[in-house]
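Heads up, the thing below is written out as structure tokens.
Residue numbers (mature numbering (1 follows the signal peptide of the UniProt record, and there is no 0)): -18 to -1, 1 to 399.
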């Protein structure tokens, strides 16, 4: 807990009141937080509802906060993006190595005007601002969202916030009387009473600095510690997990991306202890498939997946039910039987596929579906997967977004494991 507490103290700021208080707080920040790495990202509301003078106050608030961090390539890195109709990245995490350069870049951020598309901003910071090739492995990620109004689409905003909170600690700052308290709560990390801040106007932003510092330093961080040091998927229960895909129909490039996605997932599975066994289903005759427990290392599994044979989806699901979970093929009666199906188009023979899926689910196999692209049919996906559908379907826009969806998939898949 102490490590997490120290990292989150990176959010501490100095209250500008009397000189002694300011100095004391500054000294405390430096003594506790000096040298602690973090990826800190600010999301600024740039919509038309904000007067230009108030937008500059928002800019000054963020610039002032930078003074309290030890900015450097191996310390705190700061990113800034603004949003209205679209997400616009103004400063990437790896652009500047010192606080002065960051502050100069913040000071010239323009106001873009437009609607309050908060959901687009939350998705943008997750998939672009905090993308895997930019963030440092194992470094805490913190996002501070500032807004003065309700988002254009509350449901989309809540969904985007849920995904972001799987990867980062999120603070929500509501400014003025037009914000929606419920929406701020949905955006922020729990406990929300410590991560939601509200002020009456932009001139009062400075008044929340001390409270932000206190809550960042003194709040119990058990939820954060659990999120950042969570046990591997399958730490407490056994699971036999099969992945189903058709390389011939998906194509070589897309098959490679699925293979990379699955390999990334296995890093979070408790394979080494034998609790989770992983297999692959592609062949209609059983040969060329990967049986449960055949591999315990992600690298070995990846190599084997590239040499798999193919079959149609309906027959694959039938083989899953009649072959894959048998004891002689590595299956275990006491394990939870789970399968993940990848689809990127309407089902070729929906009646056959859905009939086989129904029979397979009747045999206590839990079916998950990863739907890629816009050509999939929602009604087919819902009939294909286990219930409830919202916990058993992962939708991604493209194959390139597969790797980015790993946290969301693990959240759905690892429940109860």
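Note that the Cβ used here is the ideal one computed from N, Cα and C, for glycine as well.
For residue 365, the uninterrupted alpha helix (DSSP H) segment begins and ends at 360 to 366. Note that the C-beta distance between residue 143 and residue 25 is not below 8 Å. Cβ-Cβ separation between residue 329 and residue 362: approximately 5 Å, consistent with a contact (criterion under 8 Å). If you draw a straight line from the Cα of residue 127 to the Cα of residue 32, it is about 15 Å long. A buried status is given to residue 353, since no fewer than 16 other beta-carbon atoms sit within 10 Å of its beta-carbon.
Partner residues in a beta bridge of residue 185, as assigned by DSSP, do not exist.
For residue 177 and residue 155, the gap between their C-alpha atoms comes out near 8 Å.
Residue 70 is not a Cβ neighbour of residue 81, given a cutoff of 8 Å.
Look at residue 130 here: in three-state DSSP terms it is coil, with no helix or strand label. In the structure shown, the three-state DSSP call for residue 67 is coil. Across the set 251, 157, 138, 96, the C-alpha of 251 shows the shortest separation from the C-alpha of residue 221. Judged by their CB atoms, residue 232 and residue 263 are not nearer to each other than the 8 Å cut-off. Classified as exposed, residue 369 has fewer than 16 neighbouring CB atoms from the shown chains inside 10 Å of its CB. When DSSP states are grouped into helix, strand and coil, residue 123 belongs to the strand group. Distance from the CA atom of residue 93 to the CA atom of residue 381, rounded to whole angstroms, is 33 Å.
A straight line joining the alpha-carbon of residue 184 with that of residue 40 spans about 7 Å. Here DSSP, grouped into helix, strand and coil, assigns residue 168 to helix. Boundaries of the alpha helix (DSSP H) harbouring residue 393: 388 to 395, taken from the DSSP string.
In the structure shown, residue 219 adopts coil according to DSSP, grouped into three states. Residue 324 and residue 351 have their C-alpha atoms some 6 Å from each other. Its chain contains 21, 75, 123 as the residues whose beta carbon lies nearer than 8 Å to that of residue 117, once the 5 sequence neighbours on both sides are disregarded; these appear in chain order. Taking residue 138 as the centre and dropping the five residues before and after it, the same chain places the C-beta of 101 closer than 7 Å to its C-beta, in chain order.
The beta-bridge partner set that DSSP reports for residue 180 consists of 156. Residue 56 and residue 150 have their alpha carbons spaced roughly 19 Å apart. Scanning its chain for C-beta atoms nearer than 6 Å, with the 5 sequence neighbours on each side dropped, one finds around residue 37 the residues 93, in chain order.
With a contact defined as Cβ atoms closer than 8 Å, residue 273 and residue 261 qualify at about 6 Å. Each of 175, 42, 65, 45 was checked against the Cα of residue 30, and the nearest Cα belongs to 65.
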